[in-house]
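Residues in the sequence shown are numbered consecutively from 0, following numbering that gives the first Met the number 0. In this text, a Cβ means the ideal position worked out from N, Cα and C, and glycines have one as well. Keep in mind it's a predicted model, so treat the numbers as computed, not measured. Following: one structure in structure tokens, then a few remarks.
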Amino acid sequence: MFGRISQERWHAAQALEESEWNHQGIVEAEWHEIVNKYQKVFAELEHSLGLTQDTMILDVGCGPTIITRLFKQGRRYAFDPLLYNLHQAQTIAQDNTNLMTARGEEMPFAKSCFDVAVCRNVLDHTQYPAQVLAEMHRTVKPNGKFFISLYTYAPFVTFVKKIGERISFLRNVAHPFTFTPDEFKVMIGQSGIQVEREWLIHEGVHSTDYGKIPPPLPDRSVRNRLIIWLNANVFRSKWFVREYAFLASAK
Ligand SMILES: C[S@@+](CC[C@H](N)C(=O)[O-])C[C@H]1O[C@@H](n2cnc3c(N)ncnc32)[C@H](O)[C@@H]1O
Numbered sequence: 000m001f002g003r004i005s006q007e008r009w010h011a012a013q014a015l016e017e018s019e020w021n022h023q024g025i026v027e028a029e030w031h032e033i034v035n036k037y038q039k040v041f042a043e044l045e046h047s048l049g050l051t052q053d054t055m056i057l058d059v060g061c062g063p064t065i066i067t068r069l070f071k072q073g074r075r076y077a078f079d080p081l082l083y084n085l086h087q088a089q090t091i092a093q094d095n096t097n098l099m100t101a102r103g104e105e106m107p108f109a110k111s112c113f114d115v116a117v118c119r120n121v122l123d124h125t126q127y128p129a130q131v132l133a134e135m136h137r138t139v140k141p142n143g144k145f146f147i148s149l150y151t152y153a154p155f156v157t158f159v160k161k162i163g164e165r166i167s168f169l170r171n172v173a174h175p176f177t178f179t180p181d182e183f184k185v186m187i188g189q190s191g192i193q194v195e196r197e198w199l200i201h202e203g204v205h206s207t208d209y210g211k212i213p214p215p216l217p218d219r220s221v222r223n224r225l226i227i228w229l230n231a232n233v234f235r236s237k238w239f240v241r242e243y244a245f246l247a248s249a250k
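Structural data, given as structure tokens:
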């Protein structure tokens, strides 16, 4: 139901992702956004999940930000297909996380080795989201937990974005998939993971969301003016996009 895309389409998304990450200041802006949005939730999770120094934590599609750094305890493993292409790799490698270059569809870990898997803002970037969830299920212990978050869109916006995916000039190249909050939940349920709790992390595009709200552009072409207008008047609207996070466990 949620599909998979071709290797070619996925590589196009990843090429754009890589160039976005390599813009000056993006990693810092993203980290700042993550701290703003998730610090409290992670502090609460750290407590409620009873994390210890030995808790095995997996960060799926960690990018250069590695959101699991927000946990003060635990043994962190993090991977991303782009990791060693990123200029920031040197900096993040110093952060005491076991880093790997890998894809979520085929994780380089044995069955049941993690207590907690975290996957933030990744599934709509992958080639086969349901397979990534299946791999998370495989690698997390039967009594382990999953913290999965994603930008989701209102049904009408999702419909338009799905149509846009089929029309090259309308395509959101970095995001091959678009989900409504309900579709996101159904997809999680179909992977054998049961949602226990949910958070509405943010509504509307966050002011530091990269690539979406550029500071005044030197090029005041009609196209750029339109992008700025859409960013300010449409994408920032609460109804347009919602970032949801779910805490789940294996059924
Ligand atoms: C928007 S970034 C989010 C990074 C990080 N989780 C965060 O919240 O800042 C999406 C990430 O998903 C990664 N990604 C894309 N396809 C993937 C796949 N098949 N498996 C794992 N990660 C993937 C990308 O390389 C990219 O770093």
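Collapsing the DSSP output to three states places residue 24 in coil. Placement of the Cβ of residue 61 at a distance of less than 7 Å from at least one heavy atom of ligand 1 is found.
Set against 7 Å, the gap from the CB of residue 33 to the closest heavy atom of ligand 1 is smaller.
In terms of CA proximity to residue 152, 233 leads the group 226, 233 and 63. Assigned with DSSP and collapsed to three states, residue 38 falls in helix.
Counting the other CB atoms within 10 Å of its CB gives residue 67 a total of 16 or more, which places it among the buried residues. For residue 103, the CB falls within less than 7 Å of some heavy atom of ligand 1. In the structure shown, residue 188 adopts helical secondary structure according to DSSP, grouped into three states.
Rounded to whole angstroms, residue 136 and residue 56 show a C-alpha spacing of 13 Å.
Short note on residue 120: C-beta closer than 7 Å to some heavy atom of ligand 1. Along the segment 115 to 190, the beta strand (DSSP E) occurs as fully enclosed runs of 3 or more residues at 139 to 152, listed in sequence order. For residue 29, the CB falls within less than 7 Å of some heavy atom of ligand 1. Rounded to whole angstroms, residue 107 and residue 131 show a C-alpha spacing of 12 Å. Taking non-hydrogen atoms of ligand 1 into account, the C-beta of residue 107 is found less than 7 Å away from none of them. Only residues of its own chain outside the window of five on either side were considered, and among them 103 and 131 have a CB closer than 6 Å to the CB of residue 125, listed in chain order. Check the Cα spacing between residue 202 and each of 122, 3, 36 and 8: the tightest is with 36.
Under the three-pair Cβ rule at 8 Å, the segment 186 to 196 counts as touching the segment 242 to 250. Across the set 220, 225 and 45, the C-alpha of 45 shows the shortest separation from the C-alpha of residue 70. The alpha-carbon separation between residue 120 and residue 150 amounts to approximately 6 Å. Going by beta carbons, residue 59 and residue 129 fall outside the 8 Å limit.
Taking the CA atoms as reference points, residue 78 sits about 13 Å from residue 94.
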